[in-house]
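Be aware that the sequence shown starts at 1, since it is given in full-length UniProt numbering, and climbs by one per residue. Where a beta carbon is used, it is the ideal one built from N, C-alpha and C, also for glycine. Below is one structure, written out as structure tokens, with a few remarks after it.
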Amino acid sequence: MSIVKRLEASGLRKTGQRRIIAQVLDAAHDHPNVEELFARAAKEDAGISLATVYRTVKLFEENDILERVEFGDGRARYEAADREHHDHLFDLDTGEVIEFVDPEIEALQEKIAERLGYRLKGHRMELYGEKIK
Numbered sequence: 001m002s003i004v005k006r007l008e009a010s011g012l013r014k015t016g017q018r019r020i021i022a023q024v025l026d027a028a029h030d031h032p033n034v035e036e037l038f039a040r041a042a043k044e045d046a047g048i049s050l051a052t053v054y055r056t057v058k059l060f061e062e063n064d065i066l067e068r069v070e071f072g073d074g075r076a077r078y079e080a081a082d083r084e085h086h087d088h089l090f091d092l093d094t095g096e097v098i099e100f101v102d103p104e105i106e107a108l109q110e111k112i113a114e115r116l117g118y119r120l121k122g123h124r125m126e127l128y129g130e131k132i133k
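Here's what the structure looks like:
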């Protein structure tokens with residue numbers, strides 16, 4: 001479900017600026033941080049403030065519309081909270097975030113949890129690397 005639709009279904013007030021931020025997030029093909037969201041939203045509404053973007057992102061996160069992801073670079077980034085499971089590879093040189101799903105890794109994680117006496121309910125995996133030249 002799109003972030004705009006999740007906002008509409010959330011019961012939160014649907015201000016024009018919240019809608020713009022939701023639309024910017026829906027259009028993102030990356031994992032933007034708040035400053036990047038602000039720059040993109042300001043192109044749609046010059047009156048939007050950085051503080052509004054921070055408050056809106058926090059509100060969206062608290063209401064399970066957005067999920068915070070951190071890749072060790074000191075900046076929280078965001079993606080839709082209801083996306084299908086995937087893992088991340090963070091390029092240490094460029095900051096690019098590559099999403100991937102690997103059935104072998106998923107099966108191995110299940111196997112490890114079971115061997116340790118657990119039923120896996122979820123996980124998050126983030127890889128950090130430099131491109132092989």
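Taking all protein chains shown into account, decide if residue i is buried (16 or more other Cβ within 10 angstroms of its Cβ) or exposed.
i	result
H31	buried
A22	buried
I7	This sequence places Leu at residue 7; Ile is not what is there. So L7 counts as buried.
L116	exposed
A41	buried
R119	exposed
I132	exposed
I112	exposed
If I follow the unbroken beta strand (DSSP E) through residue i, where does it start and stop?
i	result
D91	D87 to D91
Can you tell me which residues form a DSSP beta bridge with residue i?
i	result
Y128	F90
For the alpha helix (DSSP H) that residue i lies in, which residues bound it at each end?
i	result
R6	I3 to S10
Counting only the same chain and skipping the five closest in sequence on each side, list residues whose C-beta sits under 6 Å from that of residue i.
i	result
E44	I20
Going along the chain, which residues of its own chain have a beta-carbon closer than 7 Å to the beta-carbon of residue i, five neighbours each way excluded?
i	result
D73	G95
Exercise. Quick check: the stretch 58-67 against the stretch 90-107, are there 3 or more CB pairs under 8 Å?
Worked result: The stretch 58-67 makes no contact with the stretch 90-107: fewer than 3 CB pairs, one atom from each, lie closer than 8 Å.
Exercise. Touching or not, the stretch 45-53 and the stretch 4-20, by the rule of three or more beta carbon pairs under 8 Å?
Worked result: Contact between the stretch 45-53 and the stretch 4-20 is established, with three or more Cβ pairs separated by less than 8 Å.
For this session: Say whether the stretch 111-127 touches the stretch 84-93, bearing in mind that this needs 3 or more beta-carbon pairs closer than 8 Å, one atom from each stretch.
Result: Yes: the two stretches touch, three or more of their Cβ pairs being nearer than 8 Å.
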